[in-house]
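Colleague:
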Amino acid sequence: MMLAPGELVLITLLILLSIITIIGNAIVILVVLKDPCRDLKTAAIVFIVNLAIADLLLGLVIEPIYCVFLLSSVSTQNLDRISSLLAFAVEASCLTLVALAIQRWIIVEMPLRALKIQTPRRLAITIAVIWLLAGFLASLPWLNIKYIDYDIDYDFFMFDIVGSLLCITLMCVYGRIWVLVRRSTRFRMKFTEINNTVAERQPFVLENQEQVIRKERIREAKVTQLFYLVCGAFIICWMPASLYVNINKKDETIGFRICLLAGLLNSALNPLIYSLRNDRFRKALRTEMRQRTCRTR
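Listed below in structure tokens is the structure:
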């Protein structure tokens with residue numbers, strides 16, 4: 024079967040994306056399993072590993088299968104079922120992003136109760152729910168279930184309804200985190216300014232107060248950056264496919280596949296957005312790299 028130039032380019036890009044996704048997420052899982060610093064046993068790391076597993080599954084198994092079948096001549100029903108395999112890993116990844124956002128919100132909103140809320144048992148239940156819900160959403164084409172309206176197809180349901188709910192939830196949770204951190208920063212800076220008036224004749228105390236203000240500003244800047252990174256990456260990657268499905272509901276042309284490729288890029292970016300921004304993970308990665316370098320010498 025002869026492939027068009029556009030399809031060849033698409034296959035090449037999908038293979039490259041699959042390789043990048045596999046390497047990035049495999050590194051995350053291996054570093055956490057090794058845990059050279061013995062301090063990667065936190066709720067955030069648990070969700071980051073679950074995210075890496077979902078994205079690794081996407082790059083290692085499902086993307087190659089989808090690449091083969093998407094460019095073959097299959098019926099619409101079979102294409103929906105093939106799409107459901109992709110949806111399984113994608114939804115597991117997206118639901119983990121939401122769970123990770125809620126976990127961070129709990130730490131910011133209820134820091135004293137966070138350890139009591141985020142128990143190992145509850146974390147295990149949350150992860151199980153994520154995979155079960157992802158499996159249910161992926162199984163809809165196999166069960167021949169119609170969604171709300173008989174004119175709504177599977178892609179439209181997943182992108183417009185499920186995708187929109189996930190995107191709105193992410194924006195709301197990270198927006199709330201940003202508001203809480205900003206409010207806390209403003210309060211501490213105001214308190215520090217009051218102390219400065221008292222400490223004007225004590226240079227050492229005044230210098231310490233200025234350091235507190237700098238740290239609070241850096242903290243707020245990091246949270247703001249995280250908000251834009253997480254929500255921006257999710258929206259930019261998945262918005263093209265969502266818009267394309269709305270404009271061409273029954274169209275499975277090369278245009279849709281390119282838009283879907285942009286969405287899959289989100290799984291390759293997740294290790295950069297989440298893992299490498301975690302201080303404990305960066306420390307463990309540096310330690311593991313130093314140990315491997317020393318063993319090779």
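Using our numbering, the letters of the sequence shown correspond one by one to residues 24 to 320.
Note that CB positions come from ideal geometry on N, CA and C, so glycine has one too.
All figures in this text were calculated on a predicted structure; none of them were measured in a lab.
1. Excluding the 5 residues preceding and the 5 following Ile281 in the sequence, name in chain order all residues of the same chain whose CB lies nearer than 7 Å to its CB.
2. Contact defined as beta carbons within less than 8 Å: I believe Gly82 pairs with Thr119. What is the distance between those atoms, to the nearest angstrom?
3. Identify which residue in Tyr297, Leu283 and Leu188 has its Cα closest to the Cα of Tyr251.
4. Should the segment 186-193 be regarded as contacting the segment 136-144, the criterion being three or more beta carbon pairs within less than 8 Å?
5. One question on the structure: do Leu284 and Leu56 come within less than 8 Å of each other, judged by their Cβ atoms?
6. Express the C-alpha separation of Ser106 and Val258 in angstroms, rounding to a whole number.
7. I'd like the span of the alpha helix (DSSP H) that includes Asn293, first residue to last.
8. Mapping the DSSP letters down to three states, classify Pro164 as helix, strand or coil.
9. Thinking just about the alpha-carbon of each residue, which of Asp183, Glu114, Ala307 and Ala151 is nearest to the one in Leu160?
10. Go ahead and pull the three-state DSSP assignment for Asn301.
11. If you draw a straight line from the C-alpha of Gln286 to the C-alpha of Ile50, how long is it?
12. Beta-carbon separation of Ala112 and Ile153 under 8 Å?
13. Cα separation between Asn269 and Cys260?
14. Check for me: the alpha helix (DSSP H) holding Ile68 runs from which residue to which?
15. Among residues of its own chain, excluding the 5 on either side of Gln141, which ones have a beta-carbon nearer than 7 Å to its beta-carbon?
16. Determine the extent of the alpha helix (DSSP H) in which Leu63 is found, giving its start and end residues.
17. Given this structure, state the Cα-to-Cα distance separating Asn73 from Leu249, to the nearest angstrom.
18. Express the C-alpha separation of Leu308 and Phe180 in angstroms, rounding to a whole number.
19. Look up Thr142 in the DSSP assignment and say whether it is helix, strand or coil.
20. Have a look at Gly278, Phe70 and Asp62 and flag the residue whose alpha-carbon is nearest the alpha-carbon of Asp302.
21. Using the C-alpha atoms, what's the distance from Leu108 back to Glu86?
22. Just to confirm before moving on: does the CB-CB distance between Glu311 and Val69 stay below 8 Å?
23. If you check the beta carbons only, do Gly255 and Tyr267 fall under 8 Å apart?
Modeller: Working from what's here:
1. For the purposes of this step, residue 281 is identified with residue 258 of the sequence shown, where counting begins at 1. Around Ile281: Leu33.
2. Numbered from its first residue, the sequence shown carries residue 82 at position 59. Numbered from its first residue, the sequence shown carries residue 119 at position 96. Going by Cβ atoms, the distance from Gly82 to Thr119 rounds to 15 Å, so no, they are not a contact pair.
3. Looking up residue 251 in the sequence shown gives position 228. For Tyr251, the closest alpha carbon among the candidates Tyr297, Leu283 and Leu188 is that of Tyr297.
4. As far as the Cβ criterion goes, the segment 186-193 does not touch the segment 136-144, which means the pair count is below three.
5. What you label residue 284 is simply residue 261 of the sequence shown in a count that begins at 1. What you label residue 56 is simply residue 33 of the sequence shown in a count that begins at 1. No, the Cβ-Cβ distance between Leu284 and Leu56 is not below 8 Å.
6. Indexing the sequence shown from 1 puts residue 258 at position 235. Indexing the sequence shown from 1 puts residue 106 at position 83. According to the sequence shown, residue 258 is Ile rather than Val. The alpha-carbon of Ile258 is positioned some 20 Å away from that of Ser106.
7. Here residue 293 refers to the residue found at position 270 when the sequence shown is read from its first residue. For Asn293, the enclosing alpha helix (DSSP H) stretches over residues Ile277 to Asn293.
8. As a working note, residue 164 is residue 141 in the sequence shown. Here Pro164 sits in helix by DSSP.
9. Working through the sequence shown from its first residue, we reach residue 160 at position 137. Closest option to Leu160, judged by alpha-carbon separation, among Asp183, Glu114, Ala307 and Ala151: Glu114.
10. Mapped onto the sequence shown, residue 301 falls at position 278. Coil at Asn301, not helix or strand.
11. Start at 1 with the first residue of the sequence shown, and residue 286 comes out as number 263. Start at 1 with the first residue of the sequence shown, and residue 50 comes out as number 27. This sequence places Gly at residue 286; Gln is not what is there. Rounded to the nearest angstrom, the two C-alpha atoms are 22 Å apart.
12. Translated into positions along the sequence shown, residue 112 becomes position 89. Translated into positions along the sequence shown, residue 153 becomes position 130. No, Cβ-Cβ distance for Ala112 and Ile153 is not below 8 Å.
13. Position 246 of the sequence shown, counted from the first residue, corresponds to residue 269. Position 237 of the sequence shown, counted from the first residue, corresponds to residue 260. Per the coordinates, the alpha-carbon of Asn269 lies some 16 Å from the alpha-carbon of Cys260.
14. As a working mapping, residue 68 is identified with position 45 in the sequence shown. Its alpha helix (DSSP H) spans residues Ala66 to Leu80.
15. For the purposes of this step, residue 141 is taken as residue 118 along the sequence shown, with counting starting at 1. The residues are Ala66, Gln126 and Ile129.
16. Locating residue 63 in the sequence shown gives position 40, where the first residue counts as 1. Premise fails: Leu63 is in no alpha helix (DSSP H) and is neither H nor E.
17. One-based indexing of the sequence shown puts residue 73 at position 50. One-based indexing of the sequence shown puts residue 249 at position 226. Cα to Cα, Asn73 sits roughly 19 Å from Leu249.
18. Mapped onto the sequence shown, residue 180 falls at position 157. Mapped onto the sequence shown, residue 308 falls at position 285. Distance between the alpha carbons of Phe180 and Leu308 is about 39 Å.
19. Taking the sequence shown and counting its residues from 1, one reaches residue 142 at position 119. Looking at Thr142 - three-state DSSP - the assignment turns out to be coil, as it is neither helix nor strand.
20. Here residue 302 refers to the residue found at position 279 when the sequence shown is read from its first residue. Selected option, being the one with the closest Cα: Asp62.
21. One-based indexing of the sequence shown puts residue 86 at position 63. One-based indexing of the sequence shown puts residue 108 at position 85. One alpha carbon belongs to Glu86, the other to Leu108, and they sit about 9 Å apart.
22. For this step, residue 311 is matched to residue 288 along the sequence shown. For this step, residue 69 is matched to residue 46 along the sequence shown. Not in contact: Glu311 and Val69 (Cβ atoms no closer than 8 Å).
23. Taking the first residue of the sequence shown as position 1, residue 255 is located at position 232. Taking the first residue of the sequence shown as position 1, residue 267 is located at position 244. Their beta carbons are not under 8 Å apart, which means Gly255 does not touch Tyr267 by this criterion.
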